[in-house]
Structures are given as structure tokens and as C-alpha cells.
Amino acid sequence: MEAGEERAQGARSRDPEREGPRPAADPAQVAAICREHDDRPDALIEILHAIQTRFGFVPETAVPAIADSLNLTRADVHGVLTYYSDFRREPPGRHVLRLCRAEACQARGAERLAAHLTTRLGIDFGATTADGALRLETVYCLGNCALGPNALVDGERLQGRLDEARLDRLVDALCEGADS
Numbered sequence: 076m077e078a079g080e081e082r083a084q085g086a087r088s089r090d091p092e093r094e095g096p097r098p099a100a101d102p103a104q105v106a107a108i109c110r111e112h113d114d115r116p117d118a119l120i121e122i123l124h125a126i127q128t129r130f131g132f133v134p135e136t137a138v139p140a141i142a143d144s145l146n147l148t149r150a151d152v153h154g155v156l157t158y159y160s161d162f163r164r165e166p167p168g169r170h171v172l173r174l175c176r177a178e179a180c181q182a183r184g185a186e187r188l189a190a191h192l193t194t195r196l197g198i199d200f201g202a203t204t205a206d207g208a209l210r211l212e213t214v215y216c217l218g219n220c221a222l223g224p225n226a227l228v229d230g231e232r233l234q235g236r237l238d239e240a241r242l243d244r245l246v247d248a249l250c251e252g253a254d255s
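Its first residue numbered 76, the sequence shown is counted upward by one per residue in my numbering.
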């Protein structure tokens, strides 16, 4: 087995049923976040962002508490939570790699890179490697079109002019815990 195959073998996507129950949000903390926004239903997106900042994701157990605080239905909250791709409903990996798949990056090979990533990591977009090292997400335009294809690492580091070799080095550094 070659090194790339070994990495892919060891990096399967998480199986929530085998991992046990997902982490729960403390209802008191969720209610406090809602109160910080004056329990205003029009602040739902801000509240979801605040909860994700606090917990790293928006736990499913937070939905009823948010709905109660804002006098919304659970379906209202769930609809917003699932509509926007920026909200995570499960804990992210230690690192999050968001590959741009907008038209300009597609024209420069982003779809080839996407296929390479999913094959190499053994996960689909929206999933996290089994070891929790890396979550793979799609983004549509990072505003760096002239230097595409692009990726954003941990919401902070923009990487442009990616090819398979540069992407492999980036993934290696992230999966090994290096701060590249």
C-alpha cells in the first residue's frame, strides 16, 4: 500500500452512530446568548453565529432553546440553520479547509482539486476526517479569482494558485498539526 493510500485509509469520514451521542449545548448558555440579543427573532442569524463561536458548531440540542427564546418554531430555526452553509451542525475538525468552487476557480481546475481531495482524504465535502484533523468544506468565491484556484484555511489563511502538489503539502501540514 502506498503512502497516499495509507493516509486515505486512515482518514475515513466520521460515523456519528459509532461515536455515540453528539455534544449538547448547555440550554442556560444558549438562553444567555439569546438574551444578549434581546430575544429578538430578527437576530436569529446573529444568535446562530454567536452559538457557533461559543461551541464551534450549532448543536442540534440548541435548536429548541433558541426557538423557545425567540418565540419561533423549531422548523424556523432549523430552516435557517440548514439553509446557510456557514453554519456547522457537528463539531469541526481541528482545521477547516474550504475550497473555492465558484466559476473562476472551476475554470482554473478547482473541480479536479476537489476530486483529488475527496479521494486522498476518503471523505466528501461537509465531512471531517476520522481522526478529527481536517474538515473539508465548499465555498463559493473567496474574492481572489485572479489567483485561483483558492482555498481558505481555518477562516484566516487564503491560499491561491493551488495545484495538486501545493494542496497535498497544505493538507500534510494540517493533518500533521503543523501551523503552515
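Idealized CB from N, CA, C, for every residue including glycine.
Excluding the 5 residues preceding and the 5 following residue i in the sequence, name in chain order all residues of the same chain whose CB lies nearer than 8 Å to its CB.
i	result
Ala142	Thr148, Arg149, Asp151, Val152
Val138	Arg149, Val152, His153, Leu156
Glu186	Arg176
In the DSSP assignment, find the unbroken beta strand (DSSP E) run with residue i in it and report its ends.
i	result
Thr55	Since the displayed the chain opens at 76 and closes at 255, residue 55 lies outside it and no answer follows.
Arg232	232 to 234
In terms of residue numbering, what span does the alpha helix (DSSP H) encompassing residue i cover?
i	result
Arg110	102 to 111
Ala185	185 to 196
Val155	149 to 158
Cys21	This structure cannot speak to residue 21, because the chain is shown only from 76 to 255.
Ala226	Ala226 -> not in any alpha helix (DSSP H); beta strand (DSSP E) instead, spanning 226 to 228.
Glu178	178 to 182
Thr128	119 to 130
Pro139	137 to 145
Asp247	239 to 250
Does the Cβ of residue i have 16 or more other Cβ atoms within 10 Å, making it buried, or fewer, making it exposed?
i	result
Thr128	exposed
Arg173	buried
Glu212	buried
Arg183	buried
Ala240	exposed
Ile120	exposed
Arg163	buried
How close, in whole Å, do the beta carbons of residue i and residue j come, if the pair is a contact with beta carbons under 8 Å?
i	j	result
Leu237	Asn219	The pair is not a contact, with the Cβ atoms about 11 Å apart (cut-off 8 Å).
His112	Ala118	4 Å
Thr204	Leu196	6 Å
Arg176	Ala189	6 Å
Ala100	Ile122	No, Ala100 and Ile122 are not in contact; Cβ-Cβ is about 12 Å, not under 8 Å.
Go through its chain and collect everything with a Cβ distance to residue i's Cβ below 7 Å, but skip five positions before and after it.
i	result
Gly235	Asn219, Leu222, Gly223, Asn225
Ser144	Ala106, Cys109, Asp114
Ala179	Cys220, Gly223
Asn146	Pro116
I'd like the list of long-range same chain contacts for residue i, defined as Cβ closer than 6 Å, with 5 residues on each side in sequence excluded.
i	result
Leu227	Arg173, Leu217, Leu233
Pro96	Because Pro96 carries a pLDDT of 47, less than 50, the predicted location of this residue cannot be relied on, and no value is offered for it.
Tyr215	Ala177
Check whether the Cβ of residue i lies closer than 9 Å to any Cβ atom in chain D.
i	result
Ile108	Looking at the structure shown, chain D is missing, and only one protein chain is on hand.
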